[in-house]
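One structure below.
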Amino acid sequence: MNSTGQDFLEIARGYRDTFPDGDRPLHILARLTEELGEVAEAVAHLERHGAKVAKHGEPSIDHLAEEIQDLIHNAFALVRYYSAEAALDDCVQRTLDAFRETDRLNT
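First residue of the sequence shown: 1392, per my numbering; consecutive thereafter.
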């Protein structure tokens, strides 16, 4: 995977510039909730749960990827809104360090 946090921040900026009225934290949270539901639907479709295949046809990994991208860039919209980029970097680094220290990552 080659996508970076910076890529998601740029996408979030693009949406902010396109839809400035939707850039408040509660609007972003509403979109996160909606996108998480769409990720759940895509997973249920891939897992052939219920009547998804009969109703919507064969599942698509590309559709799941699109929904995950929507979820992630909306999470990054909150990072951008609160200028939490450095804090997120620190948190990610601490988590990676903890996994590496306990040999839970094969690096």
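Using N, Cα and C, we set each Cβ at its ideal position, and we do this for glycine too.
Given the structure is predicted, the values throughout are model-derived calculations rather than measurements.
- Of the candidates Phe1467, Ala1456, Asn1497 and Arg1485, the residue whose Cα lies closest to the Cα of Arg1404 is Phe1467.
- Each residue's CA atom was taken as its position, placing Ala1442 and Glu1429 some 16 Å apart.
- Burial is judged here by how many other beta carbons sit within 10 angstroms of a residue's own beta carbon; Leu1462 has at least 16 and is buried.
- Gln1460 and Glu1426 have their C-alpha atoms roughly 9 Å apart.
- Counting along the chain, Leu1437 sits inside the alpha helix (DSSP H) bounded by residues Pro1416 to Leu1437.
- In this structure, Leu1423 lies near Asn1465, with their beta-carbon atoms less than 8 Å apart.
- Contact check for Val1483 against Glu1476 fails: the beta carbons are separated by 8 Å or more.
- Between Tyr1472 and Asp1414, the C-beta spacing is below 8 Å.
- Between Ala1433 and Leu1455, the beta carbon gap of about 4 Å places them in contact (Cβ cut-off 8 Å).
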